[in-house]
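Visitor: The structure's right below; bear with me while I get my questions together.
In UniProt numbering, the protein residues as written are 1 to 287.
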C-alpha cells in the first residue's frame, strides 16, 4: 500500500449554507460552477439506517451489481435508443468503448470480502466497487428515508445512485460493531496508511452527491478544460503520479466532503473521486 492519502491543503470549491435561496442557486451555480452545500438537509435518520450492521441485516443476501473503477464504467443505460444488456456501460460522449462486463455478488460478500483499500498497482478495469445499478424494488424502501437537496434544474428529474467503497482508513469490523464503517461521526479524521478507492475523471449531466459516512475527496475541471489522465488509471495513481507535476494554474478545483455535506456539480463538468475512508454515499442525478 502507498502510505497516506491526505485531504487537500485548501478546499477550492465554494461553499454555501442553508441561507442560499433557490433563485440564487440558479443564478450563481446551477449552470456555471460547483458548490458545497452545508445544512440544507437533515439526513440523520437515513444515516442511522446506513450503518454496516443495519445494511447487512436488511440487504445482506440481495445481489448487487459492481462497477469497474474506470472512466468507461460510470454511465449505464441506453445508446442510440437501444437498451444495453446489464453489464454494458459507457460514457455519454467523452469516450467510445465496448461493453465492459459487470459482476453480481451478494451484498454481504461485497462488504465482508471485497470492500478493501485500493491497490495502487491495480488498473481501474480490475477494481470493483458498488455504486448505482441499485435494484429499486429491493433498495427503494431505504431511499424513501433520504432527504434530497432542495434544488432542481428546470426540466430535469432526479434519480438516486447509492454506493459504498473502501478507503485509506478502512478497518475490519464484526457485523455488530461497524456502526459507522470505522470512523466516528465526531472523531477527528487523520490520514492513515493505505490507499483510497475512487472513480477517475469522467463527466455526465448535473447532480448532487452527499457523503453519509466517511470522507470523499473530489477533483473537478470545467467542461472546457479536459484533465490529463488515462481512463483506466485509478484516481489514486493519478494523484500520486500526475497531480504533483501540475502547475498551480492547471490544478483542479478540489475539496473533501464529510458527512452531511452535499456537492453540486453542473452539467459536463469533469470530476474524479477518492475515498479517504470507507465511505457510504448517495448521488442525485438530474436527467
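We put the CB at the ideal spot given by N, CA and C, even for glycine.
Predicted model, so just to flag it, every value in this text is computed and none were measured.
1. Buried or exposed, going by whether 16 or more other CB atoms sit within 10 Å of the CB of residue 44?
2. Which residues mark the beginning and the end of the alpha helix (DSSP H) in which residue 53 is found?
3. Does the beta-carbon of residue 278 have 16 or more other beta-carbons within 10 angstroms, so that it is buried, or is it exposed?
4. Helix, strand or coil for residue 140? Go by DSSP, reduced to three states.
5. Is it the case that the segment 198-207 contacts the segment 257-272, given that we only count it when at least three CB pairs across the two stretches are under 8 Å?
6. Work out the CA separation of residue 154 and residue 8 for me, nearest whole Å.
7. Hey, quick one: how far does the alpha helix (DSSP H) through residue 241 stretch, first residue to last?
8. Taking residue 25 as part of the beta strand (DSSP E), name the residues at either end of that continuous run.
9. Mind checking which residues open and close the beta strand (DSSP E) that includes residue 165?
10. Does the separation of the CB atoms of residue 149 and residue 208 fall below 9 Å?
11. Decide if residue 10 is buried, meaning its Cβ has at least 16 other Cβ atoms within 10 Å, or exposed.
12. Tell me, please, whether the segment 242-262 touches the segment 212-227 by the rule of three or more beta-carbon pairs shorter than 8 Å.
13. In whole angstroms, what separates the C-alpha of residue 288 from that of residue 233?
14. Based on Cα-Cα distance, which residue from 230, 243 and 138 lies nearest to residue 58?
15. Residue 210 by DSSP, collapsed to three states: which one?
16. Taking Cβ positions, are residue 49 and residue 142 nearer each other than 9 Å?
17. Go through its chain and collect everything with a Cβ distance to residue 164's Cβ below 6 Å, but skip five positions before and after it.
Guide: The structure says:
1. As a first step, residue 44 is located in the chain shown; it is residue number 44 there, counting from the start. When all chains shown are included, residue 44 counts as exposed.
2. Numbered from 1 along the chain shown, position 53 holds the residue referred to as residue 53. First-last of the alpha helix (DSSP H) with residue 53: 52-59.
3. Within the chain shown, the letter at position 278 stands for residue 278. Under this definition residue 278 is a buried residue.
4. Along the chain shown, read from residue 1 onward, the residue named residue 140 stands at position 140. Residue 140 carries a helical assignment under DSSP once its states are collapsed to helix, strand and coil.
5. Counting Cβ pairs under 8 Å, three or more are found: they touch.
6. Taking the first residue of the chain shown as 1, we reach residue 8 at position 8. Taking the first residue of the chain shown as 1, we reach residue 154 at position 154. So the two alpha carbons sit approximately 33 Å from each other.
7. Working through the chain shown from its first residue, we reach residue 241 at position 241. Segment 235-241, the alpha helix (DSSP H) holding residue 241.
8. On the chain shown, position 25 is the one that residue 25 refers to. No beta strand (DSSP E) holds residue 25; the alpha helix (DSSP H) holding it covers 22-28.
9. Numbered from its first residue, the chain shown carries residue 165 at position 165. Start and end: 158-165.
10. Taking the chain shown and counting its residues from 1, the one referred to as residue 149 is at position 149. Taking the chain shown and counting its residues from 1, the one referred to as residue 208 is at position 208. Result yes, Cβ atoms of residue 149 and residue 208 sit closer than 9 Å.
11. Translated into the one-based positions of the chain shown, residue 10 becomes position 10. An exposed status is given to residue 10, since fewer than 16 other beta-carbon atoms sit within 10 Å of its beta-carbon.
12. Three or more Cβ pairs closer than 8 Å define a contact, and the segment 242-262 meets that threshold against the segment 212-227.
13. Only positions 1 to 287 of the chain appear in the structure, and residue 288 is not among them; the question remains open.
14. Position 58 of the chain shown holds residue 58. The shortest CA-to-CA distance from residue 58 to any of 230, 243 and 138 is the one to 138.
15. Taking the first residue of the chain shown as position 1, residue 210 is located at position 210. When secondary structure is reduced to three states using DSSP, residue 210 falls in the strand class.
16. For the purposes of this step, residue 49 is taken as the residue at position 49 of the chain shown. For the purposes of this step, residue 142 is taken as the residue at position 142 of the chain shown. The answer is yes: Cβ separation under 9 Å.
17. Your numbering for residue 164 matches position 164 in the chain shown. Exclusion of the five residues before and after residue 164 leaves 130 and 280 as the residues of its chain whose Cβ lies within less than 6 Å of its Cβ.
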